[in-house]
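Undergrad: Residue numbering for the sequence shown follows UniProt numbering, beginning at 1 and increasing consecutively. Attaching a single structure in structure tokens format; questions to follow.
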Amino acid sequence: MTTRYTHIGVDVGGTFTDVALYTDGDLTTAKVPSTEDQSVGVMAGIEKACEEAGIAPGEVDAFSHAMTVSVNALLERNGAKTALVTTDGFRDVLEIGRQARPDLYDLDAEKPAPLVPRKRRYELDERATPEGIEERVDEGAVRDLARELDGEVESVAVCLLHAYAHADNERRVAELLREELDVPVSTSSEVLAEFREFERSSTTAVDAYVTPAIDSYVGRLAERATEAGVPIPRIMQSNGGTAEAETVREHAVTTTLSGPAAGVVGAGATVESEEGLVTFDMGGTSSDVSLVREGEIERTTDAEIDGIPIGTPMVDVNTVGAGGGSIAWVDSGGALRVGPRSAGAEPGPACYGKGGERTTVTDANVVLGYIGPETALGGEMTLDVEAAHAALARLAEEADLDGALEAARGVYRVANANMARAVRAVTVERGYDPRGFGLVAFGGAGPMHAVSLAESLDIERVVVPRPAGVLSAFGLLAADEKHDAVRTYRSPLGEADIEAVESVYAELEERVREETATGEPAVERAADLRYVGQSFEITVPLSEFDPAALEERFHAAHNQAYGYRMNEAVELVNLRATATVPREAPRVAYEGAGDPVVGEREAYFPGGGRREATVYDRDRLAPGERVAGPAVLEQAESTTVLPPEWVGTVETDGTLTARRQD
Numbered sequence: 001m002t003t004r005y006t007h008i009g010v011d012v013g014g015t016f017t018d019v020a021l022y023t024d025g026d027l028t029t030a031k032v033p034s035t036e037d038q039s040v041g042v043m044a045g046i047e048k049a050c051e052e053a054g055i056a057p058g059e060v061d062a063f064s065h066a067m068t069v070s071v072n073a074l075l076e077r078n079g080a081k082t083a084l085v086t087t088d089g090f091r092d093v094l095e096i097g098r099q100a101r102p103d104l105y106d107l108d109a110e111k112p113a114p115l116v117p118r119k120r121r122y123e124l125d126e127r128a129t130p131e132g133i134e135e136r137v138d139e140g141a142v143r144d145l146a147r148e149l150d151g152e153v154e155s156v157a158v159c160l161l162h163a164y165a166h167a168d169n170e171r172r173v174a175e176l177l178r179e180e181l182d183v184p185v186s187t188s189s190e191v192l193a194e195f196r197e198f199e200r201s202s203t204t205a206v207d208a209y210v211t212p213a214i215d216s217y218v219g220r221l222a223e224r225a226t227e228a229g230v231p232i233p234r235i236m237q238s239n240g241g242t243a244e245a246e247t248v249r250e251h252a253v254t255t256t257l258s259g260p261a262a263g264v265v266g267a268g269a270t271v272e273s274e275e276g277l278v279t280f281d282m283g284g285t286s287s288d289v290s291l292v293r294e295g296e297i298e299r300t301t302d303a304e305i306d307g308i309p310i311g312t313p314m315v316d317v318n319t320v321g322a323g324g325g326s327i328a329w330v331d332s333g334g335a336l337r338v339g340p341r342s343a344g345a346e347p348g349p350a351c352y353g354k355g356g357e358r359t360t361v362t363d364a365n366v367v368l369g370y371i372g373p374e375t376a377l378g379g380e381m382t383l384d385v386e387a388a389h390a391a392l393a394r395l396a397e398e399a400d401l402d403g404a405l406e407a408a409r410g411v412y413r414v415a416n417a418n419m420a421r422a423v424r425a426v427t428v429e430r431g432y433d434p435r436g437f438g439l440v441a442f443g444g445a446g447p448m449h450a451v452s453l454a455e456s457l458d459i460e461r462v463v464v465p466r467p468a469g470v471l472s473a474f475g476l477l478a479a480d481e482k483h484d485a486v487r488t489y490r491s492p493l494g495e496a497d498i499e500a501v502e503s504v505y506a507e508l509e510e511r512v513r514e515e516t517a518t519g520e521p522a523v524e525r526a527a528d529l530r531y532v533g534q535s536f537e538i539t540v541p542l543s544e545f546d547p548a549a550l551e552e553r554f555h556a557a558h559n560q561a562y563g564y565r566m567n568e569a570v571e572l573v574n575l576r577a578t579a580t581v582p583r584e585a586p587r588v589a590y591e592g593a594g595d596p597v598v599g600e601r602e603a604y605f606p607g608g609g610r611r612e613a614t615v616y617d618r619d620r621l622a623p624g625e626r627v628a629g630p631a632v633l634e635q636a637e638s639t640t641v642l643p644p645e646w647v648g649t650v651e652t653d654g655t656l657t658a659r660r661q662d
């Protein structure tokens, strides 16, 4: 008798919470509205999926989870009341930042306000240099500071000068604060042991700012899961790997892009391609775009969220405020705009029938005929078509357009233009031609816009995975366990002390191995290098530290990224180690049965005008079947639109691959 293994993945979005439940080849998906306390919606989604699969929640063997708690705290500025403790003279590093301006020619451009206001930034007399500790911290001063902070703050970030190299003072400050205060204390040497004071301070402040929210949320979810008999969840990190709940409660900054990372992992797990992939995730609030090249997900350590630098490794995602719930509006010059404001789940788009009156992208898709009157969003939410038409009619009057249909066309076109810019940002602006990539579309709204988006970018292949509407949740089932560590080690590459470098690598490898919980990890090394005098680095993987071989790899990587190489000395900057416990992607059985045609519907297509589109139940399409546009393919969690002159082919696993037929 074989033992059934059940794994459930739950991803919380701004509008819907997505669920994917996998049991020995069978996949059950569900979508429920997101809730203010995300854990309530998560458990509701688990119960719904388990009921549809015919199992009890207590039969779930593994639970993986992605959420928006951290990013919401940053975007809405409702994180913890945080204090920053730093070296005397460096109180204003967060305020000063870098010379870069959000808009070079805008004389009134303003930088985002720092997470920690000046009145809660404190200085200590101490001093470390890259060579060692010059002045020990005054423990009495730290205890005095603790008494001043007691009852006034909810979290503390400690970032002392050069603590990335010599952390003794910083560790002692943290020890004393933890003894005296009952609040979380984040230290830069634990969060990001890299040079560059601003980025290190910013990342440490983010960790402290979101830690109470993450700790509280994960704790509540763990309690609810335990009460239901479900395992405590493993949490998706920004780097595209999962970690134990207790680990992320201690390293909250690693969850800032939890949800988008899961979607990219899901795309990479379901679509095999020798060419590169652009992943396009359009949900209710935003659209996330990333790259998969040569089978590897693009990652970065140079990211910003709402103008706040975060230096921890994360999937390289470009986000724009254009989702199904994004609000369409008219600016002071009479131009039609879409986003970044969103109607969310409550009250949501006008077509939800919950009292929402603002026009959204989803309302435009209803008026265009892509979403039918009988469509049940998320499998359970019926539509108010009249409310959608009324909302678009009001927008048309405000924008001086000829009726609801003309306004819907404009909203659709503007939303696509916003998303096209996001795709160009991760392709053209980084030296890649988007025409050489396939476009993988997912999210509740992504497949509705994907083909039109591809046409505007001259992308010839669009791929819509079978679980497209919940692909981030599906990605959680395929995500590896992953842990990263970094330490700055600056030296001319040719003069690097190999024994010292190996010693640092040994410490980094020990750290990431200790954090691993699900098996024996594979540990990979990398190094950040640059030409002497440059202010940016390139991360180069390596197996053993061979300076000559590493230099040649750096020259090649620089040439690939920037189109040239230099006859200059190379500098070693950071050493990195990553531990990975791989997980095999679920292999889902798919057959497709029954008559897939469920009717026809009049729809509007750019360049093709009004057409009668065949409406299909996508889950009934058999492997190998071809679907010619104009067509609308409906599922419980998403809808795919095929314009005229495009043909989709159903693959053996239910994936739909669409290409233009000239």
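All C-beta atoms in this analysis are idealised placements derived from N, C-alpha and C, irrespective of residue type, glycine included.
Pick helix, strand or coil for glycine 198, following the three-state DSSP scheme.
TA: Note on residue identity: the sequence assigns phenylalanine, not glycine, to residue 198. Of the three classes helix, strand and coil, the one that applies to phenylalanine 198 here is helix, per DSSP.
Undergrad: Would DSSP call arginine 127 helix, strand or coil?
TA: Three-state result, arginine 127: strand.
Undergrad: How would you label leucine 621, buried or exposed, when you count the other beta carbons within 10 angstroms and need 16 or more for buried?
TA: Flag for leucine 621 reads buried.
Undergrad: To the nearest angstrom, how far is the alpha carbon of threonine 301 from that of threonine 256?
TA: Their Cα atoms are separated by approximately 13 Å.
Undergrad: Rank Phe16, Phe442, Asp331 and Gly353 by C-alpha distance to the C-alpha of leucine 395 and give the top, closest one.
TA: Out of Phe16, Phe442, Asp331 and Gly353, Asp331 has the C-alpha closest to the C-alpha of leucine 395.
Undergrad: Which residues share a DSSP beta bridge with arginine 601?
TA: In DSSP, arginine 601 forms a bridge with Ala613.
Undergrad: Closer than 8 Å by C-beta to alanine 49: which residues in its own chain qualify, once you throw out the five before and the five after it? Chain order, please.
TA: Excluding sequence neighbours, alanine 49 sits near Ile8, Val19, Ala20, Leu21, Thr28, Thr29 and Ala30.
Undergrad: Going by alpha carbons, who is nearest to tyrosine 505 out of Glu571, Thr578, Leu104 and Pro447?
TA: For tyrosine 505, the nearest C-alpha among the options comes from Thr578.
Undergrad: Got a sec? Which residues, its chain only, sit under 6 Å from asparagine 318 by beta carbon, not counting five neighbours each side?
TA: Cβ within range, chain order: Val289, Ala422, Ala425 and Val426.
Undergrad: Would you give the residue range spanned by the alpha helix (DSSP H) that isoleucine 498 belongs to?
TA: Residues 498–515.
Undergrad: Give me the residue from Pro184, Phe195, Asp595 and Gly324 with the minimum Cα distance to proline 212.
TA: Of the listed residues, the one whose Cα sits closest to proline 212 is Pro184.
Undergrad: Could you give the residue range of the beta strand (DSSP E) that holds tyrosine 22?
TA: Taken as a continuous stretch (DSSP letters only), the beta strand (DSSP E) holding tyrosine 22 covers 16–23.
Undergrad: Can you find the residues in the same chain that come closer than 7 Å, C-beta to C-beta, to alanine 454, ignoring five residues on each side of it along the sequence?
TA: Hits under 7 Å: Leu439 and Val462.
Undergrad: What would DSSP say about glutamate 267, mapped onto helix, strand or coil?
TA: The question names glutamate, yet the displayed sequence has alanine at residue 267. Of the three classes helix, strand and coil, the one that applies to alanine 267 here is helix, per DSSP.
Undergrad: Based on DSSP bridge pairs, tell me the residues matched to isoleucine 96.
TA: Answer by DSSP bridge pairing: none, since isoleucine 96 is not bridged.
Undergrad: By Cβ distance, which residues of its chain are closer than 6 Å to methionine 314, with the 5 residues on each side in sequence left out?
TA: Same-chain partners within the cutoff: Ser238, Asn239, Leu257 and Ala303.
Undergrad: Nearest CA to the CA of glutamate 537: which residue from Ser543, Gly654, Ala557 and Ala548?
TA: Checking every option, the nearest Cα to that of glutamate 537 belongs to Ala557.
Undergrad: Quick one: what's got a C-beta closer than 7 Å to aspartate 480's C-beta in the same chain, skipping five residues either side?
TA: The answer, listed in chain order, is Gly241, Thr580, Val581, Pro582 and Arg583.
Undergrad: Given 8 Å as the limit, is there contact between the segment 46–60 and the segment 129–141, that is, 3 or more CB pairs closer than that?
TA: Contact fails: fewer than three Cβ-Cβ distances are below 8 Å.
Undergrad: Is aspartate 281 closer than 8 Å to glycine 295 when the C-beta atoms are compared?
TA: No. Outside cutoff.
Undergrad: Tell me which residues share the same chain as histidine 162 and place their Cβ nearer than 7 Å to its Cβ, disregarding the 5 neighbours each side in the sequence.
TA: Hits under 7 Å: Ala128, Thr129 and Pro130.
Undergrad: Measuring straight from C-alpha to C-alpha, what distance separates glutamate 612 and tyrosine 604?
TA: Going by the C-alpha atoms only, they are around 9 Å apart.
Undergrad: Here's the rule I'm using: 16 or more other beta-carbon atoms within 10 Å means buried, otherwise exposed. How should tyrosine 562 be labelled?
TA: Classification for tyrosine 562: exposed.
Undergrad: Is isoleucine 235 helix, strand or coil by DSSP?
TA: The answer is strand: DSSP assigns isoleucine 235 an E or B state.
Undergrad: Determine the burial state of tyrosine 5: buried for a count of at least 16 other Cβ atoms within 10 Å of its Cβ, exposed for fewer.
TA: Exposed is the call here.
Undergrad: Comparing C-alpha positions only, which one of Gly533, Glu544, Pro586 and Val588 sits nearest to asparagine 567?
TA: When each option's Cα is compared against that of asparagine 567, the closest is Gly533.
Undergrad: Decide if isoleucine 498 is buried, meaning its Cβ has at least 16 other Cβ atoms within 10 Å, or exposed.
TA: That one is exposed.
Undergrad: Is aspartate 484 helix, strand or coil when you go by DSSP?
TA: Aspartate 484: strand per DSSP, three-state reduction.
Undergrad: State whether the segment 632–644 contacts the segment 400–408, with contact taken as three or more CB pairs (one from each stretch) at a distance under 8 Å.
TA: Touching, no, given that fewer than three Cβ pairs across the two stretches are closer than 8 Å.
Undergrad: Based on the DSSP secondary-structure assignment, which residues constitute the bridge partners of arginine 337?
TA: Trp329, per the DSSP bridge assignment.
Undergrad: Give me whichever residues DSSP pairs with aspartate 281 in a beta bridge.
TA: Its beta-bridge partners are Asp288 and Phe442.
Undergrad: Is it the case that the segment 59–76 contacts the segment 162–177, given that we only count it when at least three CB pairs across the two stretches are under 8 Å?
TA: No, they do not touch.
Undergrad: Would you please verify whether the beta carbon of valine 428 is less than 8 Å from any beta carbon of chain D?
TA: The structure shown contains no chain D, having only a single protein chain.
Undergrad: Identify the residues that DSSP records as bridge partners of tyrosine 122: which are they?
TA: Per DSSP, Val85.
Undergrad: Looking at the structure shown, is methionine 1 part of a helix, part of a strand, or coil, going by DSSP?
TA: Low confidence applies here, because methionine 1 scores a pLDDT of 40, under 50, leaving its location unreliable; read the following figure in that light. Correct three-state label for methionine 1: coil.
Undergrad: Let's test the definition: count the other Cβ atoms within 10 Å of the Cβ of threonine 652 and tell me whether it reaches 16, buried, or not, exposed.
TA: By the 10 Å Cβ count, threonine 652 comes out exposed.
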